[in-house]
Amino acid sequence: MSQVQKSMSLANPAPPFTDLIQKIAAAIGGVGLLFMVIALSGNGAIQNSIWLYTALALIMGGTVVYSWRAYMTLPEGIKNNGVWFDSLSSKGLWAWVLGIVLTGFYVVLYWYPQYLGLGKDGVANSGLVAFFDPLSMALKGTPASEWFVYGTLYTVAILAFGIKFILKYRHNKYQVVRTISVMFFQLGFAFLLPEIMQKLNHPYYSFTNMWPLNYYFFYDWNLDGLLNAGNVGMFMLFFGLAMVFIISPTLTYFYGKRWYCSWVCGCGGLAETAGDPFRHLSDKSLKAWKIERWMIHGVLVFVTLMTVAVIYSYFNSDRNLLITKPISIGLIILLGGLVIAIVQANKKEINLSKDKLSTIISAIVGVILLLAILAFITGNFVIDGGMLRGWYGFFIGAAFSGVVGVGFYPLMGSRVWCRFGCPMAALLGLQQKFFSRFRITTNGGQCISCGNCSTYCEMGIDVRAYAQKGQNIVRASCVGCGICAAVCPRGVLKLENGSVDLKNKTTELKAIHIAEGDVRIL
Amino acid sequence: MHIAIIGNGISGITAARFIRKLSDHKITVISAETDHFFSRTALMYIYMGHMRFQDTKPYEDWFWEKNKIDLKRGYVEQVDTEEKKLIFKKGDPLSYDKLILATGSSPNKFGWPGQDLKRVHGLYSYQDLEAMEKYSKGLKRAVVVGGGLIGLEMAEMFHSRHIPVTILVREKSYWNGVMPPGESAMINREIKRHGIDLRLEEELAEIVDNGQGEACAVITKSGERIECGFVGLTAGVHPNIKFLAETGIETGRGILVNKYLETSIPDVYAIGDCSEQRNPNPGRRGVEAIWYTGRMMGETVGYNICGKPVAYNPGIWFNSAKFMDIEYQVYGDVRANQPEEHRSIYWEHAEGRKSIRIIYDKNHGHIIGFNLMGVRFRHEVCEKWIKEKTDIEIVMKNLGLANFDPEFYEKHEAEVVGIYNQQSGKNLSVKHERSWDKVFAFLKF
Numbered sequence: 036m037s038q039v040q041k042s043m044s045l046a047n048p049a050p051p052f053t054d055l056i057q058k059i060a061a062a063i064g065g066v067g068l069l070f071m072v073i074a075l076s077g078n079g080a081i082q083n084s085i086w087l088y089t090a091l092a093l094i095m096g097g098t099v100v101y102s103w104r105a106y107m108t109l110p111e112g113i114k115n116n117g118v119w120f121d122s123l124s125s126k127g128l129w130a131w132v133l134g135i136v137l138t139g140f141y142v143v144l145y146w147y148p149q150y151l152g153l154g155k156d157g158v159a160n161s162g163l164v165a166f167f168d169p170l171s172m173a174l175k176g177t178p179a180s181e182w183f184v185y186g187t188l189y190t191v192a193i194l195a196f197g198i199k200f201i202l203k204y205r206h207n208k209y210q211v212v213r214t215i216s217v218m219f220f221q222l223g224f225a226f227l228l229p230e231i232m233q234k235l236n237h238p239y240y241s242f243t244n245m246w247p248l249n250y251y252f253f254y255d256w257n258l259d260g261l262l263n264a265g266n267v268g269m270f271m272l273f274f275g276l277a278m279v280f281i282i283s284p285t286l287t288y289f290y291g292k293r294w295y296c297s298w299v300c301g302c303g304g305l306a307e308t309a310g311d312p313f314r315h316l317s318d319k320s321l322k323a324w325k326i327e328r329w330m331i332h333g334v335l336v337f338v339t340l341m342t343v344a345v346i347y348s349y350f351n352s353d354r355n356l357l358i359t360k361p362i363s364i365g366l367i368i369l370l371g372g373l374v375i376a377i378v379q380a381n382k383k384e385i386n387l388s389k390d391k392l393s394t395i396i397s398a399i400v401g402v403i404l405l406l407a408i409l410a411f412i413t414g415n416f417v418i419d420g421g422m423l424r425g426w427y428g429f430f431i432g433a434a435f436s437g438v439v440g441v442g443f444y445p446l447m448g449s450r451v452w453c454r455f456g457c458p459m460a461a462l463l464g465l466q467q468k469f470f471s472r473f474r475i476t477t478n479g480g481q482c483i484s485c486g487n488c489s490t491y492c493e494m495g496i497d498v499r500a501y502a503q504k505g506q507n508i509v510r511a512s513c514v515g516c517g518i519c520a521a522v523c524p525r526g527v528l529k530l531e532n533g534s535v536d537l538k539n540k541t542t543e544l545k546a547i548h549i550a551e552g553d554v555r556i557l
Numbered sequence: 036m037h038i039a040i041i042g043n044g045i046s047g048i049t050a051a052r053f054i055r056k057l058s059d060h061k062i063t064v065i066s067a068e069t070d071h072f073f074s075r076t077a078l079m080y081i082y083m084g085h086m087r088f089q090d091t092k093p094y095e096d097w098f099w100e101k102n103k104i105d106l107k108r109g110y111v112e113q114v115d116t117e118e119k120k121l122i123f124k125k126g127d128p129l130s131y132d133k134l135i136l137a138t139g140s141s142p143n144k145f146g147w148p149g150q151d152l153k154r155v156h157g158l159y160s161y162q163d164l165e166a167m168e169k170y171s172k173g174l175k176r177a178v179v180v181g182g183g184l185i186g187l188e189m190a191e192m193f194h195s196r197h198i199p200v201t202i203l204v205r206e207k208s209y210w211n212g213v214m215p216p217g218e219s220a221m222i223n224r225e226i227k228r229h230g231i232d233l234r235l236e237e238e239l240a241e242i243v244d245n246g247q248g249e250a251c252a253v254i255t256k257s258g259e260r261i262e263c264g265f266v267g268l269t270a271g272v273h274p275n276i277k278f279l280a281e282t283g284i285e286t287g288r289g290i291l292v293n294k295y296l297e298t299s300i301p302d303v304y305a306i307g308d309c310s311e312q313r314n315p316n317p318g319r320r321g322v323e324a325i326w327y328t329g330r331m332m333g334e335t336v337g338y339n340i341c342g343k344p345v346a347y348n349p350g351i352w353f354n355s356a357k358f359m360d361i362e363y364q365v366y367g368d369v370r371a372n373q374p375e376e377h378r379s380i381y382w383e384h385a386e387g388r389k390s391i392r393i394i395y396d397k398n399h400g401h402i403i404g405f406n407l408m409g410v411r412f413r414h415e416v417c418e419k420w421i422k423e424k425t426d427i428e429i430v431m432k433n434l435g436l437a438n439f440d441p442e443f444y445e446k447h448e449a450e451v452v453g454i455y456n457q458q459s460g461k462n463l464s465v466k467h468e469r470s471w472d473k474v475f476a477f478l479k480f
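Heads up: the protein sequence lines correspond to chains A and B, in order.
So for the first sequence, our numbering puts the first residue at 36; every next one is plus one.
So for the second sequence, our numbering puts the first residue at 36; every next one is plus one.
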């Protein structure tokens with residue numbers, strides 16, 4: 036026994052504080068950011084491609100080296116020690132500071148891009164936007180816009196924090212593969228390809244961004260742009276429609292909405308990588324779930340109504356869709372159907388046959404009421420596509436998805452937008468609930484109700500509530516990130532696809548239960 | 036009818052929930068520990084910063100009122116089974132019609148000098164967690180005594196706060212009274228890999244008083260003195276039954292109960308850690324202080340009280356744990372010392388952090404148990420195979436059905452079957468059937 040080390044503090048592989056290398060790495064990343072701040076301040080001395088690429092490389096490099104030291108010096112496994120003690124990840128002072136900085140950045144980005152240095156009406160860019168001109172020129176041959184700056188930083192964040200996430204979960208192949216996927220789609224399909232296409236004189240088009248997340252797909256300028264862009268434009272138009280009506284429903288049927296939300300989508304990509312340290316901050320209460328269902332489905336109804344009105348005005352000269360017109364009956368049926376699906380989705384058990392008539396009637400009455408309220412507000416029996424479009428763009432497109440969606444990461448978790456606002460998530464969620472093979476299965480009676488799964492669910496699903504009953508988890512909001520299954524200390528959860536039991540995926544049968552006369556599993 | 040339940044752990048709460056599902060009886064759950072039910076198994080995660088206390092509560096605080104389950108905070112000092120009332124340390128007595136004892140257990144102390152000093156604690160209750168938290172400030176080293184599941188949890192907790200830990204284990208290898216040698220050796224390696232000071236074949240002789248009634252060091256049986264500011268006692272637990280001494284309720288190690296979880300006194304039941312089966316199922320112990328049996332007893336007693344008599348039958352044994360970063364699952368009868376009629380197939384990954392052990396009957400060939408390290412198996416499938424005494428060869432061919440690892444994980448079934456083939460001279464191959472559809476068809480849910 037004498038050779039056993041007496042003081043393990045020397046051999047302790049978990050250094051209590053950031054080590055020297057990490058401090059240097061943090062400083063390197065900080066210098067990269069500092070370059071951008073200097074550029075923003077209007078200092079022309081560093082307006083040069085070398086400085087830009089150096090800054091981006093420093094930010095990436097600093098983050099990667101920092102996380103390498105954080106995770107690769109430790110045995111592989113779940114790394115949640117101290118998450119609730121750290122100010123940044125437990126809504127402390129640093130979380131508020133970061134939240135305010137991010138929110139401020141988004142407000143400037145959306146409504147005051149001139150402060151970032153955006154040159155308007157032929158004036159050359161300055162400040163931060165000009166700092167990104169060299170990269171923009173290289174990719175698409177035009178000076179940068181505020182959106183190009185944003186897109187670049189966004190992609191850098193997904194790549195840098197994606198590597199961090201992979202190091203953190205290197206023992207879990209599902210997490211590694213999924214993260215490589217979001218990094219690939221962000222870099223290739225969301226960032227590089229659209230920019231390069233523009234250089235080749237094609238319209239801006241992101242293949243991975245589909246309606247209704249891409250709410251402007253049916254706007255006149257987008258449709259005109261695609262229709263006037265020859266074969267490539269037509270391909271984009273048809274691909275966009277195929278995504279909504281064929282590709283997405285097919286993939287969602289086989290794999291659930293995760294194929295998009297946690298494998299492809301850019302919003303999901305940022306949430307899963309840069310947002311990972313905040314995933315546990317989502318509210319798990321029943322109350323939050325109730326608010327979530329109303330909000331997210333409300334946005335879906337809103338975007339559908341707006342899109343129908345916009346398409347109508349595209350094909351009709353009078354621009355305003357009269358509620359009294361016959362086409363409105365189609366609209367009412369469409370929206371009514373949507374509302375029925377939403378009401379059903381909110382129920383615990385899936386059962387379309389029960390109360391069918393009353394559901395349909397109440398849904399249609401609800402939609403007519405909605406339209407009547409709209410008519411009352413506008414003072415006219417018309418749906419003004421242009422007005423709805425304006426509202427949607429401001430409240431949902433900018434304020435919700437951007438300012439709140441990312442700005443509130445450190446306070447409400449990384450999926451605030453995906454959970455409460457994203458109409459794409461709502462639509463895929465409805466399908467996931469009714470017509471998809473995907474579910475999370477619970478491993479018999481092995482759950483110990485510890486709560487790790489619920490705590491680390493970024494979508495705020497109380498996973499434990501199902502797992503401790505031995506019930507499989509079928510929730511419209513589940514994005515299939517697989518973290519619940521990863522953090523479970525007892526191997527209770529598994530993401531699975533199956534077709535045999537499509538109609539009774541949620542049946543509460545599979546736990547250890549006492550039946551009269553015996554204890555049994557079934 | 037008023038049903039009083041002493042103890043708001045998993046047993047007592049499961050009983051309350053099922054009585055509520057089955058009846059409109061008045062229910063009062065009494066606890067001296069916390070206002071609300073929390074998951075005891077998650078205490079370690081609070082200390083480690085993975086979760087907050089409120090995250091360990093399986094039901095939100097409004098749940099109890101909504102389901103008309105009254106919660107009472109109080110310490111029961113006496114049970115008057117004749118008058119049918121409970122006497123509390125403070126406050127008025129409480130009358131009941133039926134009483135469920137679900138008082139859990141307490142850490143064992145074996146008469147070590149200094150065992151009742153300050154800075155000496157087990158890990159069972161919320162108060163133990165508070166003590167650990169309190170004494171962690173400025174703590175230079177902790178010593179944990181006992182080589183079981185809770186001992187390692189405690190060590191992992193201190194380790195997560197960068198507090199050096201020494202574990203004293205009486206046995207030659209970690210948990211080798213339960214784990215077969217291969218798995219036990221794996222746990223030893225895992226503990227050391229994390230830099231925890233594991234002392235095998237070393238026992239506690241004495242805890243040293245610093246002169247102010249606080250522990251400041253331990254002295255081991257080999258005579259070594261280890262300076263430490265905290266001593267964790269995790270050498271098993273025993274049922275909490277002291278307060279029943281004068282009630283006439285018959286006790287052994289725990290409160291003795293029959294198959295219907297009834298004690299020797301009418302209208303008094305006992306469930307969970309504190310209870311002891313008079314006639315346990317073959318191969319099972321009278322006192323089984325684990326989460327799952329507590330939950331099953333809670334459900335069973337609920338049925339019994341609500342007039343639907345059900346004998347307690349815990350079915351095929353299962354359990355799980357996590358040793359640092361290695362998950363552990365067991366299904367069926369897997370013993371540390373393999374009896375003559377058992378035969379074992381043992382596969383271990385080259386990196387030494389995953390293993391699969393399958394036990395079958397040497398003479399009749401039927402499956403007996405599964406012991407998994409770092410690999411997840413499907414509970415229902417293993418249970419069905421064991422219950423139906425499925426032949427080992429059928430299990431081997433269909434091993435994929437049992438796999439519960441996440442997607443894209445390395446699959447090891449073929450290697451396991453390879454070992455079986457080697458041992459038996461057979462030439463079986465694995466069917467590549469692991470999908471949920473196949474599992475579903477097999478289980479006929």
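Each residue gets a CB set at the ideal place from its N, CA and C atoms; glycine is no exception.
CB-CB under 6 angstroms to THR214/A, same chain, minus the five flanking residues each way: which ones, in chain order? Once the five neighbours on either side are set aside, the close Cβ partners of THR214/A are GLY197, PHE200, ILE201.
One question on the structure: do ARG525/A and CYS482/A come within less than 8 angstroms of each other, judged by their Cβ atoms? Contact: yes.
For the beta strand (DSSP E) containing ASN25/B, list its first residue and its last residue. For residue 25/B there is no data in the structure shown, the boundaries of chain B being 36 and 480.
DSSP-derived helix/strand/coil call for ASP70/B: Under the three-state reduction of DSSP output, ASP70/B falls in the coil class, being neither helix nor strand.
Please report whether the beta-carbon of THR91/B lies at a distance below 8 angstroms from any beta-carbon of chain A. Cβ-Cβ to chain A under 8 angstroms: yes for THR91/B.
Going along chain A in order, which residues have a C-beta closer than 7 angstroms to the C-beta of PHE475/B? Scanning chain A for C-beta atoms nearer than 7 angstroms to the C-beta of PHE475/B yields GLY533, VAL535, ASP536, reported in chain order.
Can you tell me which of the three DSSP states GLU415/B falls into? Helix at GLU415/B.
Would you say ALA419/B and VAL465/B are within 8 angstroms of each other, going by their C-beta atoms? The sequence given here places Lys at residue 419/B; Ala does not occur at that position. It is not a contact, given that the beta carbons lie outside the stated cut-off.
Should ASN462/B go down as buried or exposed, given a rule of 16 or more other Cβ atoms within 10 Å for buried? That one is exposed.
My output table needs one value for ASN223/B: the three-state DSSP class, helix, strand or coil. In the structure shown, ASN223/B sits in a helix (DSSP, three-state: H, G or I).
Where the beta strand (DSSP E) containing GLY268/A begins and where it ends: In the DSSP assignment, GLY268/A falls outside any beta strand (DSSP E) and within the unbroken alpha helix (DSSP H) covering 265 to 277.
Simplified DSSP assignment, three categories, for TYR366/B: In the three-state DSSP reduction, TYR366/B falls in the strand class (E or B).
In angstroms with no decimal places, state the Cα-to-Cα distance between ALA476/B and VAL535/A. About 8 angstroms.
Length of the line joining the Cα atoms of PHE273/A and PHE289/A: So the alpha carbons of these two residues sit roughly 23 angstroms apart.
Three Cβ pairs or more, each shorter than 8 angstroms: is that satisfied between the region 94 to 102 of chain A and the region 51 to 63 of chain A? Counting Cβ pairs under 8 angstroms, three or more are found: they touch.
Cβ neighbours of PHE242/A in the same chain (closer than 6 angstroms, five flanking residues each side left out): Within the same chain, PHE242/A has close Cβ partners PHE224.
If the criterion is Cβ atoms closer than 8 angstroms, does the pair LEU106/B and VAL64/B meet it? Yes. Within cutoff.
Pull up the CB-CB distance for TYR250/A and GLY464/A, whole angstroms please, since I reckon it's below 8 angstroms. Cβ-Cβ separation between TYR250/A and GLY464/A: approximately 17 angstroms, too far for a contact (criterion under 8 angstroms).
Anyone know if the C-beta pair for THR339/A and LEU316/A falls short of 8 angstroms? Cβ distance not < 8 angstroms, so THR339/A and LEU316/A don't count as in contact.
Can you say whether GLN247/B is buried or exposed, counting buried as having 16 or more other CB atoms within 10 angstroms of its CB? Flag for GLN247/B reads exposed.
Starting from the N-terminal side, write out each stretch of the alpha helix (DSSP H) that is 4 residues or longer and does not extend beyond the region 421 to 451 of chain B. Counting only unbroken stretches of 4 or more residues, the alpha helix (DSSP H) elements lying wholly within the region 421 to 451 of chain B are 427 to 432, in sequence order.
Using three-state DSSP, classify LEU248/A as helix, strand or coil. Here LEU248/A sits in coil by DSSP.
Hey, would you say VAL178/B sits closer than 8 angstroms to CYS251/B, going by beta carbons? The answer is no: Cβ separation not under 8 angstroms.
Expected contact under 8 angstroms - CB spacing of VAL164/A and VAL438/A to nearest Å: Going by Cβ atoms, the distance from VAL164/A to VAL438/A rounds to 19 angstroms, so no, they are not a contact pair.
So, does the region 216 to 233 of chain A touch the region 170 to 183 of chain A, judging by three or more C-beta pairs under 8 angstroms? With the cut-off at 8 angstroms, the region 216 to 233 of chain A and the region 170 to 183 of chain A touch.
Does the distance from the CB of LEU184/B to the CB of ALA39/B come in under 8 angstroms? Annotated as distal: LEU184/B and ALA39/B, with beta-carbon spacing of 8 angstroms or more.
Where do the N-terminal and C-terminal ends of the alpha helix (DSSP H) with GLN150/B fall, by residue? According to the DSSP assignment, GLN150/B belongs to no alpha helix (DSSP H), since it is labelled neither H nor E.
Please decide whether ASP54/A counts as near chain B, where near means a Cβ-Cβ distance under 8 angstroms. At a cut-off of 8 angstroms, the C-beta of ASP54/A has no neighbouring C-beta in chain B.
Within a Cβ cutoff of 8 angstroms, which residues of the same chain sit near LYS207/B, ignoring the five residues on either side of it in sequence? Within the same chain, and ignoring the five residues on either side of LYS207/B in sequence, the residues whose Cβ sits closer than 8 angstroms to its Cβ are LEU235, GLU236.
Output, in sequence order along the chain, the residues in the region 484 to 518 of chain A whose CB is closer than 8 angstroms to any CB in chain B. From the region 484 to 518 of chain A, only SER484, CYS485, GLY486, ASN487, SER489, THR490, ARG499, ALA500, GLN503, GLY517 have a Cβ closer than 8 angstroms to chain B.
Whole angstroms is fine: what's the gap from ILE198/B's alpha carbon to PHE88/B's? About 22 angstroms.
Pairwise C-alpha distance: VAL451/A and GLY310/A: Going from the Cα of GLY310/A to the Cα of VAL451/A covers about 11 angstroms.
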